[in-house]
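Chains as they are written, first to last, in this note's numbering: chain H, 28 to 374; chain D, 28 to 374. Glycine residues also receive a C-beta, built at the ideal position from the N, C-alpha and C atoms. Down below is the structure, laid out as structure tokens.
There are 2 protein chains.
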Amino acid sequence: METLKDRLLDERESAILTALVYDYIETGKPVGSRSFVQKYQFSISPATMRNVMADLEQLGYLQQPHSSAGRIPTDMGYRYYVDSLLEKYSSFDGDVQVKEDVLSKEVQFEKLFDSVTRMLSSASRYAGVMLTPSPYFAVVKRIELVPLDSRDVLVIMVGRTGMVFTRKVRISATLTYDSLYEFSKYLNSELCGYALQEIKETVIKELRSAQMQSSNNMALDIAELSFVGETDSMLRIDGIENLLKIPEMVEKEHLDSLLHIIEEKNILKDILGLAMQLDGIQTMIGNEIESVYVRGCSIVTTPYKIGNKNVGVIGVLGPTRMDYEKVVPLVDYTGRVVSDLLTNMSK
Amino acid sequence: METLKDRLLDERESAILTALVYDYIETGKPVGSRSFVQKYQFSISPATMRNVMADLEQLGYLQQPHSSAGRIPTDMGYRYYVDSLLEKYSSFDGDVQVKEDVLSKEVQFEKLFDSVTRMLSSASRYAGVMLTPSPYFAVVKRIELVPLDSRDVLVIMVGRTGMVFTRKVRISATLTYDSLYEFSKYLNSELCGYALQEIKETVIKELRSAQMQSSNNMALDIAELSFVGETDSMLRIDGIENLLKIPEMVEKEHLDSLLHIIEEKNILKDILGLAMQLDGIQTMIGNEIESVYVRGCSIVTTPYKIGNKNVGVIGVLGPTRMDYEKVVPLVDYTGRVVSDLLTNMSK
DNA sequence: TATTAGCACTCAATACTAATGAGTGCTAAT
DNA sequence: ATTAGCACTCATTAGTATTGAGTGCTAATA
Chain H
28 METLKDRLLD
38 ERESAILTAL
48 VYDYIETGKP
58 VGSRSFVQKY
68 QFSISPATMR
78 NVMADLEQLG
88 YLQQPHSSAG
98 RIPTDMGYRY
108 YVDSLLEKYS
118 SFDGDVQVKE
128 DVLSKEVQFE
138 KLFDSVTRML
148 SSASRYAGVM
158 LTPSPYFAVV
168 KRIELVPLDS
178 RDVLVIMVGR
188 TGMVFTRKVR
198 ISATLTYDSL
208 YEFSKYLNSE
218 LCGYALQEIK
228 ETVIKELRSA
238 QMQSSNNMAL
248 DIAELSFVGE
258 TDSMLRIDGI
268 ENLLKIPEMV
278 EKEHLDSLLH
288 IIEEKNILKD
298 ILGLAMQLDG
308 IQTMIGNEIE
318 SVYVRGCSIV
328 TTPYKIGNKN
338 VGVIGVLGPT
348 RMDYEKVVPL
358 VDYTGRVVSD
368 LLTNMSK
Chain D
28 METLKDRLLD
38 ERESAILTAL
48 VYDYIETGKP
58 VGSRSFVQKY
68 QFSISPATMR
78 NVMADLEQLG
88 YLQQPHSSAG
98 RIPTDMGYRY
108 YVDSLLEKYS
118 SFDGDVQVKE
128 DVLSKEVQFE
138 KLFDSVTRML
148 SSASRYAGVM
158 LTPSPYFAVV
168 KRIELVPLDS
178 RDVLVIMVGR
188 TGMVFTRKVR
198 ISATLTYDSL
208 YEFSKYLNSE
218 LCGYALQEIK
228 ETVIKELRSA
238 QMQSSNNMAL
248 DIAELSFVGE
258 TDSMLRIDGI
268 ENLLKIPEMV
278 EKEHLDSLLH
288 IIEEKNILKD
298 ILGLAMQLDG
308 IQTMIGNEIE
318 SVYVRGCSIV
328 TTPYKIGNKN
338 VGVIGVLGPT
348 RMDYEKVVPL
358 VDYTGRVVSD
368 LLTNMSK
């Protein structure tokens with residue numbers, strides 16, 4: 028008796044598995060041998076289908092909700108389906124035609140990010156997620172210092188894309204308007220053109236060691252304070268209501284998963300942070316999300332770029348039974364549009 | 028036979044109605060005469076209680092889910108309860124002790140707003156809502172112009188509180204760094220100290236008619252463009268997950284209401300916009316929310332101030348069966364803290 | 001006249017049972 | 001290797017009886 032573990036699927040098995048996952052995504056009901064053979068015109072009998080299904084189950088691609096029900100995909104089954112989908116799709120390499128789009132008209136970044144997330148959710152009918160560009164990678168174009176009162180200075184950094192970051196900094200000495208103006212001139216001349224990351228990690232130190240002139244040191248204090256602390260990307264989610272419209276999502280155990288994801292934002296942040304390291308479409312299916320509390324959710328992501336540097340991630344969060352065939356191209360395309368837009372802005 | 032419509036409640040009826048609403052808020056189960064009399068030690072018999080209940084039902088304060096069930100409050104019943112609660116509570120007038128709080132440490136406004144909304148939701152165990160301060164009322168402290176490319180200028184307005192608004196403005200003529208500097212000096216001298224609203228409505232016009240010097244007109248163009256378009260407050264919601272943990276909220280019809288509120292953000296915006304006009308705690312209960320699609324939700328709000336001007340609103344959104352006794356003081360207190368904080372910042 | 005006891009009645013909720021039907025696994029024949 | 005045939009499984013649905021918390025009404029009571 029041959030062992031069935033871990034072998035590759037033959038042509039027929041592969042076709043059947045793919046069709047079965049497809050069908051389950053469409054209907055949400057366990058797939059039984061008889062109607063399945065009819066619906067997809069397989070030229071084999073239900074009995075044979077049952078045999079194949081049994082094999083696929085033993086191999087770990089399928090499972091039965093209960094002993095006399097049809098088959099539904101396991102997470103591994105979904106994975107097989109999505110992988111073969113991605114292979115076939117292999118994101119067209121031509122230039123993206125960024126239409127005169129809603130997006131390109133947004134002038135405030137806050138709103139641009141909101142639009143992107145909303146677009147993802149409304150087009151996919153699931154939830155849209157986005158990790159906004161990490162300020163770390165922003166290249167400083169201009170620094171403005173605005174005195175708020177005798178001790179507080181508002182530091183405004185304008186990135187090359189036009190993105191604005193602010194920090195309130197409290198300093199020890201009292202400041203005159205004139206000295207602030209000097210500081211500002213100095214900081215602009217020294218820091219512009221560098222990314223925040225570089226500034227934080229090396230530039231300031233170099234400047235400090237290069238010279239010990241006191242007024243400039245005060246300016247550097249301000250700069251240093253501005254770059255301390257979290258310069259985190261922000262997580263945006265939109266369209267949770269879409270997920271709540273999916274009947275299976277509102278059922279106890281899946282609802283718990285969903286609430287857990289929404290509550291513990293770090294889970295999503297981690298996942299997206301990871302996805303930022305990798306180019307192209309990424310999918311995480313069900314149990315591949317390394318959190319014991321999360322069941323039945325999948326996420327499709329792609330990073331977006333400024334120039335050729337990944338600066339953030341967008342994605343779609345939905346049930347494991349997600350319409351990957353629609354979502355994958357959507358995420359891919361949207362990622363390209365956003366990359367394009369940001370890259371153009373930073374020129 | 029006396030008509031029972033529209034008379035005032037006597038002492039006993041009032042006490043019973045209040046206790047009944049209180050009990051229903053606690054348990055969520057229809058209140059029956061026997062156990063109710065026992066639990067609250069009313070010195071009347073269940074039969075008498077039934078008579079009183081029948082009267083209260085005829086008056087419109089109570090209803091029965093079905094003919095042999097206990098009573099539950101109508102929206103009018105909740106209204107009676109909340110009003111008598113508010114009367115008793117009458118928000119203490121002493122100074123608020125703003126503790127060295129999480130809030131006062133926030134340096135970025137975005138994050139401050141997030142914190143407030145999150146605080147409201149986690150303290151109430153419902154959803155926190157906030158209408159961020161309308162930029163309209165922000166008093167300009169400083170204006171910075173940053174050239175992005177030959178045609179685009181980033182206009183940065185710093186409000187007296189330290190809040191920052193940005194606008195990207197596209198102009199026809201090509202700009203030199205020097206002319207921008209001139210514009211910036213001019214705009215700062217003329218516009219600082221005015222609220223955006225005033226600038227938009229009167230100041231610019233006055234300046235235009237007062238003088239026709241061309242370079243200044245160009246500066247005014249920039250200013251005008253910056254103030255055109257929506258300067259809306261933003262709506263923040265946090266803690267929807269809390270609402271989804273309430274069993275009755277996940278039931279079909281209430282879930283639909285909830286999704287409708289989340290989707291059609293304008294409903295909430297309108298409600299909050301209205302609440303901003305009125306000082307003190309406001310409550311909207313169930314059908315008082317003028318949207319046919321919304322059922323079973325209540326909202327408790329209060330405006331917050333900078334100085335003595337209402338600039339935004341905070342509130343808690345929950346089921347009609349909300350713990351008003353906890354939520355009302357929470358919203359009231361939080362409102363005072365936020366007002367205090369913003370007012371101090373703008374000194 | 002307001003209150004209470006007593007009683008018949010209502011109805012959601014629960015538990016039990018039977019019938020249905022879509023599905024399976026196994027075996028023997030092709 | 002494939003298929004027909006058959007006994008078996010089990011979620012789902014509908015039907016039925018039981019229970020119990022609740023009511024309204026009437027007549028007695030303070």
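Can you tell which of D:TYR153, D:GLU317, D:THR310 and D:LEU305 has its C-alpha closest to the C-alpha of PRO330 of chain D? D:LEU305
Own chain, CB closer than 8 Å to SER253 of chain D, minus 5 neighbours either side, in chain order: VAL182, MET184, ARG194 and VAL196
Selection from H:ASN215, H:MET157 and H:LEU147 that minimises the alpha carbon distance to ARG169 of chain H: H:ASN215
Which chain H residues sit within Cβ distance under 8 Å of LYS272 of chain D? Simply LEU286.
Between which residues of its own chain and VAL277 of chain D is the CB-CB distance below 7 Å, once the five residues before and five after are set aside? LEU271
Find the nearest neighbour of TYR213 of chain D within the set D:ASN78, D:MET76 and D:LEU247, judged by alpha-carbon distance. The residue with the shortest Cα to Cα distance from TYR213 of chain D is D:LEU247.
Pairs of beta-carbons, one from the segment 135–144 of chain D and one from the segment 79–91 of chain D, closer than 8 Å: are there three or more? The segment 135–144 of chain D, when compared against the segment 79–91 of chain D, does not touch it at the 8 Å Cβ threshold.
State the Cα-Cα distance for the pair GLU127 of chain D and MET146 of chain D, rounded to the nearest angstrom. For GLU127 of chain D, the predicted model reports a pLDDT of 44, less than 50, meaning its position is unreliable and no value from the coordinates is stated.
I'd like to know if the segment 339–346 of chain H and the segment 149–164 of chain H are in contact, where contact means that at least 3 CB-CB pairs between them fall below 8 Å. yes
In chain order, what residues of the same chain have a beta carbon less than 6 Å from the beta carbon of GLY266 of chain H, not counting five sequence neighbours either side? SER148, ALA154 and GLY155
Distance CB(GLY323 of chain D)-CB(HIS281 of chain D) smaller than 8 Å: Yes, these two residues count as a Cβ contact at 8 Å.
Are the C-beta of LEU368 of chain D and some C-beta of chain H separated by less than 8 Å? no
Taking only three categories from DSSP, how would you classify GLY337 of chain D? According to the sequence shown, residue 337 of chain D is Asn rather than Gly. Residue state for ASN337 of chain D is assigned as strand, using DSSP reduced to three classes.
Rank H:TYR51, H:ASP37, H:LEU299 and H:LEU113 by C-alpha distance to the C-alpha of ASP82 of chain H and give the top, closest one. Comparing Cα-Cα distances from ASP82 of chain H to each of H:TYR51, H:ASP37, H:LEU299 and H:LEU113, the minimum goes to H:ASP37.
Burial state of ASP102 of chain D, where buried means 16 or more other Cβ atoms lie within 10 Å: buried
Rounded straight-line distance, which links the Cα of VAL79 of chain D to that of LEU31 of chain D: With a pLDDT of only 43 at LEU31 of chain D, under the threshold of 50, the placement of this residue in the model should not be trusted, and no figure is reported.
Determine, using beta carbons only, whether VAL143 of chain H comes closer than 8 Å to chain D. no
With distances taken between CB atoms, is the gap from LEU44 of chain H to VAL58 of chain H smaller than 8 Å? no
Would you mind working out which of H:PHE63, H:VAL319 and H:SER41 sits nearest GLY104 of chain H, comparing C-alpha positions? Of the candidates H:PHE63, H:VAL319 and H:SER41, the residue whose Cα lies closest to the Cα of GLY104 of chain H is H:SER41.
Is any beta-carbon of chain D found at less than 8 Å from that of GLU251 of chain H? no
Within 8 Å (strictly less), CB to CB, does GLU127 of chain D reach chain H? Because GLU127 of chain D carries a pLDDT of 44, less than 50, the predicted location of this residue cannot be relied on, and the following value inherits that uncertainty. No, GLU127 of chain D does not count as interfacial toward chain H.
Please classify SER142 of chain H: does DSSP put it in a helix, a strand, or coil? helix
Is the Cβ of GLU268 of chain H closer than 8 Å to any Cβ of chain D? yes
Among D:ARG187, D:SER177, D:THR203 and D:GLU171, which residue has its Cα nearest to the Cα of VAL191 of chain H? Residue D:GLU171 is the option with its Cα nearest to VAL191 of chain H.
In its own chain, which residues sit with a C-beta less than 8 Å from the C-beta of ILE226 of chain D, not counting the 5 before and 5 after it? VAL167, LEU218, ALA250 and PHE254
Assigned secondary structure, GLN135 of chain H (DSSP; H/G/I helix, E/B strand, else coil): Correct three-state label for GLN135 of chain H: coil.
What's the call for GLY97 of chain D, buried or exposed, on a 16-neighbour Cβ count within 10 Å? buried
Proximity below 8 Å, CB of MET372 of chain H to CB of THR188 of chain H: yes
When the Cα of TYR204 of chain D is compared with those of D:ILE198, D:SER177 and D:GLN309, which residue comes out closest? Considering only alpha carbons, the answer is D:SER177.
For ASP259 of chain D, which of helix, strand or coil comes out of DSSP? coil
How about ILE326 of chain D and ILE298 of chain D: are their beta carbons less than 8 Å apart? yes
Kindly list, in the order they appear in chain D, the residues whose Cβ is closer than 8 Å to that of VAL173 of chain H. LYS168, ARG169, GLU171 and VAL185
Could you work out which residue in H:ASP259, H:LEU262, H:SER260 and H:GLU291 is closest to GLU268 of chain D when comparing CA atoms only? For GLU268 of chain D, the nearest C-alpha among the options comes from H:GLU291.
Can you find the residues in the same chain that come closer than 6 Å, C-beta to C-beta, to GLY313 of chain H, ignoring five residues on each side of it along the sequence? Result list for GLY313 of chain H: ASP102 and THR347, in chain order.
Quick check on the burial criterion: 16 or more other C-beta atoms within 10 angstroms. Buried or exposed for ALA74 of chain H? exposed
Since ARG194 of chain H sits in a beta bridge, which residues does DSSP pair it with? H:VAL182
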